[in-house]
Every structure is written in C-alpha cells, then in structure tokens.
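2 protein chains.
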Amino acid sequence: MTRHPAASHGAAVLAHEPDGFSLLVAGKRVLRHAADAPCLFVGRGEERMEMYRGNFDIEDYVVERVALRHASMTGETVELAAGPGEAPRLRLRLEGGALRFEALDPCVNRLWLRVPAEPDEHVWGGGEQMSYLDLRGRRFPLWTSEPGVGRDKTSEITFRADVAGRAGGDYYHTNYPQPTFLSSRRYALHVETDAYSVFDFRHPDFHEIEVWAVPERIELFEAADFLGLVETLSARFGRQPPLPDWVMGGAIVGLKDGARSFERLGAIREAGAKVSGLWCEDWVGLRHTSFGARLFWDWRADETRYPGLRQRIAELSEEGTRFLGYVNPYLCVDGSLYPEAEAAGYLARDGRGATALVDFGEFDCGVVDFTNPAAADWFAEAVIGRNMLDYGLSGWMADFGEYLPIDVHLASGVDAKLMHNPWPVLWAEVNARAVRSRGRTGDALFFMRAGFTGVQAHCPLLWGGDQSVDFSRHDGLVTAICGALSSGLLGNAYHHSDIGGYTSLFGNVRTPELLMRWAEMAAFTPVMRTHEGNRPAENLQIDGDPEVLAHFARMTRIYAHLAPYLRTLRDEAAARGLPVQRALFLHFPDDARTFAIQDSYLFGPDLLVAPVWQAGESVRRAYLPQGVDWVHVWTGRLHPGGAEACVEAPFGRPAVFFRADTAQRELFEGLPGAGGV
Amino acid sequence: MTRHPAASHGAAVLAHEPDGFSLLVAGKRVLRHAADAPCLFVGRGEERMEMYRGNFDIEDYVVERVALRHASMTGETVELAAGPGEAPRLRLRLEGGALRFEALDPCVNRLWLRVPAEPDEHVWGGGEQMSYLDLRGRRFPLWTSEPGVGRDKTSEITFRADVAGRAGGDYYHTNYPQPTFLSSRRYALHVETDAYSVFDFRHPDFHEIEVWAVPERIELFEAADFLGLVETLSARFGRQPPLPDWVMGGAIVGLKDGARSFERLGAIREAGAKVSGLWCEDWVGLRHTSFGARLFWDWRADETRYPGLRQRIAELSEEGTRFLGYVNPYLCVDGSLYPEAEAAGYLARDGRGATALVDFGEFDCGVVDFTNPAAADWFAEAVIGRNMLDYGLSGWMADFGEYLPIDVHLASGVDAKLMHNPWPVLWAEVNARAVRSRGRTGDALFFMRAGFTGVQAHCPLLWGGDQSVDFSRHDGLVTAICGALSSGLLGNAYHHSDIGGYTSLFGNVRTPELLMRWAEMAAFTPVMRTHEGNRPAENLQIDGDPEVLAHFARMTRIYAHLAPYLRTLRDEAAARGLPVQRALFLHFPDDARTFAIQDSYLFGPDLLVAPVWQAGESVRRAYLPQGVDWVHVWTGRLHPGGAEACVEAPFGRPAVFFRADTAQRELFEGLPGAGGV
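Spelled out as structure tokens, the structure:
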C-alpha cells in the first residue's frame, strides 16, 4: 500500500490511501479510514439527563448512527459522506496539528471516532480519574459530577447511597473529567469540546471517542517519551501558578470549631506539628439543619462564630501561619449577597425567567452566572477580593463547580448542558482573577475538586474530592493516588487530599489506622492538609488521640524536611509542567511493568512512595522500576530495580525509596527517622 | 393527505402515502412511514452476553443504525433504502395479514421498528411479566432467563443477590418473555423471531421494537374488543390442553420429605384439607452440597428415599390422589442417564466437540440437545414416558428451560443464541409429546415456569417461578398476579404459583401471614399448589402451625367448592383460549380505569379477586369495574361498579366479589363462610 503525504502540520500528516486516508503523527497512525473500515460515524441522539444534587442519571437514545464510508480529499480537507454520490455530512481539515471538524448536516448531534488500538496498548488520562489509571478495557463517560459514595456497585455503602439519594456513583464518576488521553504508543489525543463525551477503551482494535456534538477539534500530540508528552499537554492547557513557599513549611490544619479552632491549633503545635496554615471552612458561620450543621453559604466572615477574626488572622500571620477559608459559587437565599446579586441580575434564571433556585437540603441557593461578565467580575472583586483576600485570607477551598444544573438559563444564551462541563473552569478563572487582582498569584492558595479542560491555567491546586473515611478500593485512600497521577498527566502539577477522607455515612467512621496511614501518604504529596470530614463529632480527629497526634506531628516534620526537594519540583512544574506526583512510567517509559501501577508513585524524579492503603497491612510489596537501584529510606537498604521489593511498613514508615543515584541523597538520609538498618 | 389502498390481507391494508406508506389494520394506523419520519432502521450490533447460572449480563454495541428513509412500493411489496438512489437494504411484503421481512443487506443484524403511539395508550403482554402489566413508559428486553431475586435494584435482597451471584434481576427479567403486545387501541402485534428483542414503550409518540436479527414477520391482529384479541392470539399461538378434572378436587400438596411426605399428607388431610395430589420433587433422591440438599438430577425414582414408591403411588391413586414428581432438561454426570445420553450423542457439545458441561454448584450436568430429534424422542419416551408416566406419575414440575448456554453447539447447527429463547418451547414439546404418547393429554399435568412464543400449544400450566417468600412489590405474592394476567393475554389460560413463595435467602423467611395470604389467593386460581421452598427447614410449612394448617384446609375447601365454576372456565379456555385469571379490562374494555390494575383480577367472568398482598393489611380497597354491581362474597353486601370498594379482609376472607348478574350466584353464595352481613 502506498501513501502520499498530502499535508503536514507540526508532526501531523494527512495521507491519502488508495481506499481512504490515514492521519499520521510522527509516523504513528492515529486514524485510518477506509470504505470498509470507516473511522467516523455521525448521527443523532436524544439524551435523558437528570440531576440529583450533583449526581446524574444519563441515558442516550441513539436514533441514528451512520458510518461515513465515503471520503473525498482535497489537499488537507476531507469531506465524508455515508456513500459515494451522497451529500457530505462532515468536513475535516488538518490545521495546526489538529483536525478541525465542521458539520455539514445540521441534524447531526453525535459523533463517534475510532482510533486504531494495539493489543498491548495502555491509555491514561480522562481528567482526574479516581478508580483507574490505566483506562484500557473500560468505558469512561466524561461529565463533571459528584464522584459518588463508595463508587462501587458491589459495596454496601454505594448501595445505601444510591437508595438514599442516587449518590453511590461508579468507577468513572469524577469532579474533573477531561477528554484527553495519552497512549503508550507515545502520543496524546485531546477532544476540544464542551459537550458530554465518552472514551471507550473496551475494544481490542480501536478506541472509540463519542461526542454529543460535532467537536471543534481533535488535537494530537506526540513526543519521544511520556515526560515530553506531559510537557506538551501542560503547555497546551496552561501552566499552573507556582505552589506558594509558605505552604511547604508544614501542614494546613483543617478545623471547623469556631473560635475553639485557634486553641486546638495551639495544642497541635505544642505536640510538635509543623503547621503552615489554619483552614476554617466554618469562617462563614453555620446553618443548622436536620442533617446536622452546614456552612452558611454567604461569603463573608461570621464574627459571631469567630469573634475578632480579622485581628486573629493578623496575629496568626505574625506567627508565620496563614488562615484559609471556604467559598463556593452558590449564594443562599437568606444571606446578604443573594439580594445584591439578584438585584443586579447576576444569578442564573429558570425557564420562566425567575431566579433559578437549587435545593441543597433545607436551604435554597442562587447560582452565580459566570457567563455574565459583570457577575464574574462582581464575584471576583466584591466577594473573593473584598470579603476574603482583603479580609486576610491566604487561601480557601473553592468548592463545587460540577453542579451547574442543566436546565438553567444563562446570560450568554449557551445551553446549560454545554456549559456544564466547562463550568469548573469558569469557576477557577473567577478565583484566579480575584487572586491576581490583589497581586497574590503564587501566594494565595485556593484548591478545587472540580475541573475540565483548561482548569490547569487557573487552579493552583487540586484536591481529590470527598473520599470515604476508609480503605476501600474505589473511594478510599488509594483513590487519592489515582487522582493525582491521572490529573498529573494532563498538566495538573499539584494534587492533594483530605487526610483521613471526608465522607462518613451509614456508620462508616475513621479508624486511627486510617488517619495515620493517610497522614503518612500526605507527607509525600505537594500539600499536607487535614479535614474534619462531614461528621466531625462522630469521627476521630488528628488531635483526638495522643498517638495519632504524635504520628501526625512527626509526618508534618517529614513533609517540612522535604521542602528543599519540593521547591525543585515546584520549579520543574513551573518550567516544564511536570506534576509533583508522577506515574512510575513517566520516568521509566521502557518498563511496561509500570504502566498500570496506581498504588505507588514517584514523588518527583527521585522518590518512590508506596503508601499502605489497605487495613491491617504492615508489610508493603511494591514494584521498583528497572534500570536503577533504590534505597529504602528508613533502613538504607538497597533494592534492585526491575523487581518487587517487600519492606516492613509499620506506622510512621511508609514504603518510600530514593533512587540510588539521586543528587538529594543527603536530604533524604536526613529525614526524621531515616537511617541505617 | 390522500391514501390509496394498495393491498389488503385480512384486516391489514398497505396504503400508499404521497411521502411514504401506512399500514392500516381495520382502519387503525399501525405503521406510518415518511422520508422525514421513517419507521424502520437497520444496522449492525456487536453484543456482549454473559451467563451466570441463568442470569444474563447483556450489552449491545451498536456500530450502525441507519434510518431507511426511502421507500419504493410495488403492489404489496416495499423496498427500503437509506436514501433515493441507494441500494435497498430491506424488503417488506404484506402477506396473510403479516409483514414479511427480507434482508437485502447481509451485514444487517439489527432492526428497529417504530409503531405510532397515542398519548393515553396502554400496552400489555411481553410474555409473562412479573412486575408490570401495563408496559407503557418502560423498556422490556425479551430474553428468557432467571427472573432474579428481589428484582428491584433498590432492595437489600436484590443487592445481596447481585453481589453473591449477579442474581438480583430487574423488573423485566422473566422466565417467559414473548415478543407480542396488545394495545388499548385494540390491536395486537407479534414479532416472529427467535432472536433477542426489546419492546421499548418509553416514547410518547411511538413504540420501538428492536430485534437482534431481521425478524421473519411482524404479525398484526385486530378485534372489536380485548376478549376477541385474546381469542385470536390463542388461535395463533396454540390452544392449551384442558386442565385435568382431578386437579379441581383440591390442592396439590408439595412435600419433599422422603417417605415422611406420605405421613405428613395424611395429617394434612386429617386437618380437613381437600387434596388432589401429592407432589414430591425429591422423588429422584437428594444430593448433599455445601448449599444444602439438592435434588439428584437423574430422572427416575429413588426407592432408597421413597421405599416401594411405585406401590405407594398406586395406593394413593386408589384413594383418589395423584402423585407428581420433578424433571428438568439436564442430566447430572454422576447419574445413570448421563452415560447413556452421552454415548448416544444426545448431549450438546462445547466448542472443542466435547460434551458441554454446565456447573450447577458442586455438580456438573450435560444439556440434552432437543434440536437432535433422536435426543428429544429418547427424553420423551425413555425418560419421561418410561421412568415417570409408566411408573405412575400424574404430573411434574418441568423445571428450567431458560438456561440454554449461549455457547453450546447444537445438533441442528443453529447458533445457541438463536435457540436460547425458543428452548423452553422445545422443552415443553418434549414433555407434551411424552404425555401424548401415553394418551394422557388433559390428564397428566406438568407445569413450567419458562416459555416463549408457542409454548401455549404444549404446556398445560404455567407456574409463576420462584417468588421470594415475602410481600415485596417486585418479587412477592403480588407478582404472581401480574404473571397470570400478562401471560393470560397471550393465550396461556392456566397459571398458578408456589403458595408461600420459594426463594428464602439472606434471612428472609416465610411468615404465617404470608403463607395464609398466599393460600387465600391460590384458592381463586386454576391450581392450588404448595411448595416447601428452597430452604424447607428454615421456613414455615403449611403443616407447621395449627392455625396456618386450619386456614389452608379451609381454603382448599373453597377451591374445591368452585370446581363447577372452574369447569366452565376450562371449557371456555378450550373453546376460546380465554384465561382463567383475567385482567379487569378484558370484560370492561370501555372502563379505562381498569387498564393498569394488576393487583386484582377477574377469576373467570363473574368473580373479582383482590388478594391482600401487603403485610399488615386487613382492609382491602379495590376498584370495581363500571356497568354492573358487585356482591361481596363474605357479607353479601352490594357494591356499585365504577368505584372503589373498601372491605374488611381478615384471614380467610380475601376481598372477593361476584357480579350481581351472575348465573352462578347459588354456587358463590354457597362458598364456605359466605353469607349475609
């Protein structure tokens, strides 16, 4: 078969074939079309989408799905029709390394693209995936939503959450989906679309991309190795602001105990913990519902709950400790900001033109309409700027983003179904703009769980969402690793999680073991932060048990000890977009045994971290990549690469190894507790 | 718009329309095709089907689904293509009142047909449906399988059964599906196909029929009223053999207690119960597994468990009581029949040509290949004929039928996926042939849970499968009513269920209330039969409590008292194919309030039965159809039709009414316990 290169943009070449065409990226065939094996299908679907507090029930009725068998090529443009002599329904144009799509049939609202697959190929990405790093063999709908409780239809917790509120979720549910994947064939593919999409990696011979629209573009990226691919993707989606230096001084301690939070912080410090920040999400005050205490969603300090807060923040700052708060894109109807926003027309509307109200469980909220530039400006300036940054906050959880109801009417006129996925990016942008307006980019730190294509440019730190307070496979500690690694591949350098998890339901509560194991892992992530969880009184807190507190304090010292190393990783992130937590294969692209590992990771290039993520374990087995030797941090014992190591991992000694050839040996050998056998 | 009648067969007329065609049945439009609203789609799917002990996990990947917009009509033939000038892919021909289909494109393996729907239309049928009588608003895959345990994804039992063995099921799972529906527009539609199919009644404007093949025919039936439709369908699918007279003498008592069964029967009789038969499924002996005692699947009497059984059967017969047993289409490898069948080549084979073995939990079985005429003959003659009928049995549970593994190789060469649905019919035919060979049609009574199109002609009695031993909405007592009514509409005149239900799992056990309420209902069905259930020792039996036994005995007398009436219903079934248990609308076609009622039924034309089907209820509300008055059997009080009646329904007095204008008044007024206020 002969190929005639027709057009080349960057690395991409559209090649005529006798029976169709191919798209080659650096010689790799990423599309192959022939009349008897078409790579494109278009059609029409009628979706049913129902939302229950951020959980979606989505189903598609595909009315038509037509193979576009007939391709006619002119230069770098391809027109596709169902058959010869039929009206073309789709036009593709290779432009700047991307395939631009144009619908020629206005009835088309579904597109399916098949990408050739190899039998032993691995694929990664899809945003922040919590269950599977290697996506091969499964189907991943990409739609920002609540991730679910338990996320495993065979678990009792998921069953109960499903029955109680359709909230159980499944393996693919995530706050941060992104239609981008990397292949072990060393290319990456991104679908530029705001629509609902699905990556289906179940087929042996092809990957199928489904988009509930004709996408704007399919972008292709190629590099000699995976690090190069990540750099390229980071450049494409936007470089994150640098991690603030102050964060590296110790843990951010999350307490929501009103004024008592300050006292408890003192005691935690006295126990020897290094603390960089105090995070009080209840800085806005509480609302009491039958579900228990909830935050009061009106974004300004509640000086009843925190008397003299402004002054206390200033005092804390003098001690070198920052204060962080909480915000989300909703305004409760009984707050002070709601009437202001409503009067100005800043809130999304319902089908009758009235302010759309969202029920959050015994209280209703308006949705700030970020497609209205004036509303976004107001939220950035008046709410985050004035009420938060000017008040003294150095950071906050920028919660939600994945809940945009699909039936609201927005100022931009764009269908809310098409704004749902990019909404987290608008939300990140509002936060980033506020930070920038005060000149505090790289200093003020907000963290988000929701995301979509482009969130990288705005959000300085992801957090892994609301894990259950357990060791479960699909919603426990180990999922925070998967979230860090998958999102890291798409240019999200910084990730962290709630130490001890968040969601405590149906009698599931934190054990001391869980809290300690999670703190151990967090010491080897960019940010170490605690959270009291959704039911603080029923769950163990880091200051609730002397042994747990002592362990936590020690892990904060380990975290702080690594600051010089973390600074090099921050610089690497700024320069190249590489994540702090890295899938093993990023540095060992030729070691296929690393391709599906998702329960251990590289912390920068030199440390390999294998957290204990199952209950009752005190010995950890972990594969060490080939080509270098690895030194077990706590014993100094050398382990060869290319084999599994098996080490004792009692509390306080998570399985951590450094490369024998590291330039940071002195730092690592100086870790508290490290040393000879 | 003008219509030009082009062809008419019976009631069906194919009419040219300026932009397509219509199919009219007695003036009712049942198909409407236009280029911009096509009624036919064809395409290609790749199914994934996995079986776990009769439970299926089925998913379809639809590669193509193409609207056939262009129709060209010649006389009574229509050829359909995707567009003008394109090759036709499907040919339809109106012939004998049916649309015959012919695929012109060999790649097509999926077909979707849209039938116009009206907003307030109701639809019924789909085989023996256990959850919903009115199918409107839901989607019904039609594939014979285990019905599931709990059959409700929000129930704890279904969750546990799913986790334990993917056995929880859902609302549409049934042992007996059939691609036939009746519409309140007073027509019926049948799809003649053996393939997997789906009836989708969720759309407001059309019903969609999906077939995983090009079906042979779509058959249409029309009548002035619903009784006429049922008569027509019964004529089409085959008239059932009549219900034996001996059955009407009392209950068939199911005991599986070895020789002790006879003693227990004596005690049950002494308590005043009318008994027509003793059913011992353990007549073949037991196998002890870690799950408990199972039957020994080698179809001949086990005279160790039942010493002198042949003689005891004869003695029983002299007392006027029949003996019934059990059989299914499998042979256990350690039995006497397996080597005989294997040597003769009567067993289905696997992909390597060896005998296919099916694991039933600690024992393996061969599958008798009924597509091999010699195997079917052998099973009918040597197994059922000689070992069962000649031995003295007057009936049996002909269990299973819905389990044909989809990967076995059959003598006929037909794909097991296409034999899976009709397998129950082959199984019924083998049983019916054996009965006929001994001249005992209408006397020997076998009962089946599995079915498919055509089972009506062979199987004299359906049983509603393995309900859970509870009052649950989707797997309890009430589902036996739905099963009777839905299957009855398709010409299955006789239906019954296990008194007290069968499946006791996860600590769910029979209560006295359940057993009594079920016996009450069973007295007003064609056959009253008990079952000890899957865990006899852990569950209450009819002879396990004096109050329960006295109640049961009384209900058997009520059943036996109704024999003269039941005989008229048997005659009606033989003459017209009408079911004994009837949906209310069959006799009240103009009373739309009856269209969705599935928790009460007509027992013949004159009795309305509203069983208590929820725990803790002693008052029953029931809608009484319009146009006649109704007499409450126990009090003699008159209730007007067209309104709800509310009556006391203590144990022993289920809510039963007779038509005030009945010719059977004397019989009904003579029911034990009936009388004035």
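Top to bottom, those sequences are chains A and B.
Mapping of the first sequence onto the numbering used here: position 56 corresponds to residue 61, and the numbering continues sequentially without gaps.
Mapping of the second sequence onto the numbering used here: position 545 corresponds to residue 550, and the numbering continues sequentially without gaps.
Think of the CB as a built atom: it goes at the ideal place given N, C-alpha and C, for glycine as much as any other residue.
Note that this is a predicted model, so its numbers are computed, not measured.
Rounded to the nearest angstrom, the gap between the Cα atoms of residue 324 of chain A and residue 412 of chain A is 48 angstroms. Residue 279 of chain B sits in coil when the DSSP states are folded into three classes, being neither helix nor strand.
At least one CB of chain A lies nearer than 7 angstroms to the CB of residue 168 of chain B. Assigned with DSSP and collapsed to three states, residue 183 of chain B falls in strand. Residue 404 of chain A and residue 79 of chain A have their C-alpha atoms some 49 angstroms from each other. Taking the beta carbon of residue 296 of chain A as reference, no residue of chain B falls within 8 angstroms; the closest one sits roughly 21 angstroms away. For the segment 442-526 of chain A, the continuous alpha helix (DSSP H) assignments of 4+ residues that do not extend past its boundaries occur at 482-494, in sequence order. Taking a Cβ-Cβ threshold of 7 angstroms, the residues of chain B close to residue 91 of chain A are 88, in chain order. Residue ranges of uninterrupted beta strand (DSSP E) with 3 or more members, entirely inside the segment 19-58 of chain B and ordered along the chain, are 25-30, 33-39, 45-57. Rounded to the nearest whole angstrom, the CA to CA distance from residue 548 of chain B to residue 310 of chain B is 21 angstroms. Interface criterion met: the Cβ of residue 164 of chain A is under 7 angstroms from a Cβ in chain B.
For the segment 52-84 of chain A, the residues whose beta carbon sits under 7 angstroms from a beta carbon of chain B are, in order, 67, 69, 70, 71, 72. The Cβ atoms of residue 238 of chain A and residue 35 of chain A do not sit closer than 7 angstroms to each other. Counting other Cβ atoms within 10 Å of its Cβ, residue 624 of chain A stays below 16 and is therefore classed as exposed.
Pairing residue 668 of chain B with residue 658 of chain B, the inter-Cα distance amounts to about 22 angstroms. Rounded to the nearest whole angstrom, the C-alpha separation of residue 70 of chain B and residue 113 of chain B is 9 angstroms. Judged by their CB atoms, residue 498 of chain A and residue 463 of chain A are not nearer to each other than the 7 angstroms cut-off. Taken in chain order, the segment 609-645 of chain A contains no complete alpha helix (DSSP H) segment of 4 residues or longer. Residue 679 of chain A sits away from residue 636 of chain A, with the two beta carbons spaced by 7 angstroms or more. A distance below 7 angstroms separates the beta carbons of residue 328 of chain B and residue 398 of chain B. For residue 159 of chain B, the neighbours in chain A by C-beta distance under 8 angstroms run, in chain order, 167, 168. If you ignore the 5 residues before and after residue 16 of chain B, its C-beta comes within less than 6 angstroms of the C-beta of 30, 31, 227, all in its own chain and listed in chain order. The segment 85-105 of chain A and the segment 426-444 of chain A do not touch, with fewer than three beta-carbon pairs separated by less than 8 angstroms. One alpha carbon belongs to residue 159 of chain A, the other to residue 510 of chain B, and they sit about 18 angstroms apart.
When DSSP states are grouped into helix, strand and coil, residue 577 of chain A belongs to the helix group. For the options B:419, B:120, B:47, B:127, the alpha carbon positioned closest to that of residue 588 of chain B is the one of B:127.
Residue pairing by DSSP places residue 402 of chain A opposite A:331, A:452 in a beta bridge. Closest in C-alpha terms to residue 602 of chain A, from the list A:216, A:490, A:643, A:223, comes A:490. Fully contained in the segment 531-598 of chain A are the following alpha helix (DSSP H) runs of length 4 or more, in chain order: 551-566, 568-581.
Annotation for residue 259 of chain B: the continuous beta strand (DSSP E) segment containing it runs 256-259. In this structure, DSSP gives residue 129 of chain A an extended state, which the three-state scheme calls strand. Contact annotation: residue 606 of chain B and residue 617 of chain B have beta-carbon atoms that are not nearer than 7 angstroms.
Residue 438 of chain A carries a helical assignment under DSSP once its states are collapsed to helix, strand and coil. In this chain, the alpha helix (DSSP H) harbouring residue 241 of chain B covers 231-242. Here residue 141 of chain A is not near residue 213 of chain A, since their CB atoms are 7 angstroms or more apart.
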